[in-house]
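Worksheet for the structure shown next.
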Amino acid sequence: MPELPEVETMRRGILGAVGGRLVEVERLACPRKPINLAPRVDAFRRRTTGQDIAAIDRIGKRVVLRLGSGDAIVIEPRMTGLVLTCDPPDPLYLRLRFTVSGAKLREFWYWDRRGLGHVRLLTPAQQLAALGPTKLGPDALTVTAELLRERLGGSRRAIKVALLDQKAVLGIGNLYAAEILFVAGVHPAARCDQLSRPVWRRIADATLAVLEEAILYEGSTLSDGTYRNVLNQDGGYQNQHRVYDKAGEPCGHCGAPIRRIVQAQRATFYCPGCQRRK
DNA sequence: CCCCAGTCCTGCGGGC
DNA sequence: TGCCCGCAGGACTGGG
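Residue numbering for the first sequence follows my numbering, beginning at 129 and increasing consecutively.
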């Protein structure tokens, strides 16, 4: 499931298209169900064809192609979306083909097995409304202890649930929330309004450490094998996981069996020996 | 403010 | 062995 490190890996994988010109964005006849574009196919094609690719950014878990017109193509992979520059894992789920001229990278694809992802073309005004600071928090790679405490310190929510709130902090999903709290030594059910400054410091430090390390490893490929980098290779961070999807296995630090609980209808993994409530 | 359940969607694994 | 159900969860929505 693409979270910040996986999406950052996608972004870096297609940076070779920057400075080029979008020849075409073609919606492929995916036999399951062609991707829903916004706006619809004709307008999407008209407003993207021939546009310069000025930059490729990441906003949280989305890849953003900045076009010369000021419009932005926003790719939101959600659970199973992938950006690929080579043959796909399974051509059945290819949804879009991007063709580029005048740059090193000539072609890339959007692939999505389950089809929960979205690709949207947004005007500058729409970008501000949908992706601006009122909708989305600061990027997780920029967090500090003060910023986390400011945004979450008054909340009665459990810290693990709050870390998933994209209005609070941007880019953390279920997997990395678990890993971050393990590294910080914080119990996932600890209430935000009961955490001290030193604990916020540990959470901020762990957030940067875990996400930056995961980017170096090009993200996590889980046992279902869905996430791949743009070259259709496995990521490497799954081998560094401390708790995610390890229920019953001994903690690598203290040996206690890793626990699985459910918070806000999502699985949470943690070590009862290493992670305390305060 | 915050929580919860439902929605989208497909593949896989557990259980019978 | 084979089939079916439920689970996986990112983002969003509507109701409490």
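All C-beta atoms, glycine included, are put in the ideal place defined by N, C-alpha and C.
Chain-order list of residues whose beta-carbon lies under 6 Å from that of A200 (same chain, five-residue window excluded): For the purposes of this step, residue 200 is taken as the residue at position 72 of the first sequence. Sequence-distant partners of A200 (beyond 5 residues in either direction) whose C-beta falls short of 6 Å from its own C-beta, in its chain, are V192, R194, L250, Q255.
Anticipated Cβ contact below 8 Å, L303 with A268, distance rounded: The count along the first sequence starts at 1 and reaches residue 303 at position 175. The count along the first sequence starts at 1 and reaches residue 268 at position 140. Here L303 is actually not in contact with A268; their C-beta atoms are around 13 Å apart, not less than 8 Å.
Nearest candidate by alpha-carbon position, reference M138, set V169, V202, P326: On the first sequence, residue 138 is found 10 positions in, with the first residue counted as 1. Ranking the options by Cα distance to M138, first place goes to V202.
Nonlocal neighbours in the same chain, by C-beta distance under 6 Å from D185, ignoring five residues either side: Walking along the first sequence from the start, residue 185 turns up at place 57. The beta carbon of D185 sits closer than 6 Å to those of V192, all from its chain and outside the five residues before and after it, given in chain order.
Stretch pair the segment 213-221 + the segment 239-249: three plus CB contacts closer than 8 Å: Yes, they touch.
L280 versus V390: straight-line alpha-carbon distance, rounded: By 1-based counting over the first sequence, the position of residue 280 is 152. By 1-based counting over the first sequence, the position of residue 390 is 262. Approximately 21 Å between the Cα atoms of the pair.
DSSP state of G144 mapped onto helix, strand, coil: Taking the first residue of the first sequence as position 1, residue 144 is located at position 16. Three-state result, G144: helix.
Where G189 falls, given that 16 or more other Cβ within 10 Å makes a residue buried: Locating residue 189 in the first sequence gives position 61, where the first residue counts as 1. It is worth fixing the name first, because residue 189 is Lys in this sequence and not Gly. Within 10 angstroms of the beta-carbon of K189 lie 16 or more other beta-carbons, which makes it buried.
Residue interval of the beta strand (DSSP E) (run including R155): Within the first sequence, residue 155 is the residue found at index 27, counting from 1. For R155, the uninterrupted beta strand (DSSP E) segment begins and ends at 149-155.
Spatial distance of E377 from K288 (CA atoms): Along the first sequence, one-based indexing puts residue 377 at 249. Along the first sequence, one-based indexing puts residue 288 at 160. About 21 Å.
Neighbourhood of T272 by C-beta distance below 7 Å, restricted to the same chain and skipping five residues each side: As a working note, residue 272 is residue 144 in the first sequence. Leaving aside the five residues that flank T272 on each side, the residues in its chain whose CB is nearer than 7 Å to its CB run, in chain order, A332.
The segment 343-354 contacting the segment 362-369, beta-carbon criterion three pairs below 8 Å: Inter-segment contact for the segment 343-354 and the segment 362-369 is present: three or more beta-carbon pairs are separated by less than 8 Å.
Local Cβ density within 10 Å of K374, reported as buried at 16 or more and exposed below that: Within the first sequence, the letter at position 246 stands for residue 374. With 16 or more other Cβ atoms within 10 Å, it is buried.
W237 versus I163, R284, T213, residue with shortest Cα-Cα distance: Numbered from 1 along the first sequence, position 109 holds the residue referred to as residue 237. Out of I163, R284, T213, T213 has the C-alpha closest to the C-alpha of W237.
Entirely enclosed beta strand (DSSP E) segments - the segment 163-221, minimum 3 residues: The qualifying runs are 181-187, 190-195, 200-204, 209-212.
Under the three-state DSSP convention, the category D355 falls into: Residue mapping note: residue 355 aligns to position 227 of the first sequence, counting from 1. The sequence given here places Tyr at residue 355; Asp does not occur at that position. In the three-state reduction of the DSSP assignment, Y355 falls in the coil class.
Collapsed DSSP secondary structure at Y372 in the structure displayed: Working through the first sequence from its first residue, we reach residue 372 at position 244. Collapsing the DSSP output to three states places Y372 in coil.
Exposure of P167, with buried meaning 16 or more beta-carbon neighbours within 10 Å: On the first sequence, position 39 is the one that residue 167 refers to. So P167 counts as exposed.
Contact set for I88: own chain, Cβ-Cβ below 6 Å, skip 5 residues either direction: The structure shown has nothing for residue 88, since the chain only spans 129 to 406.
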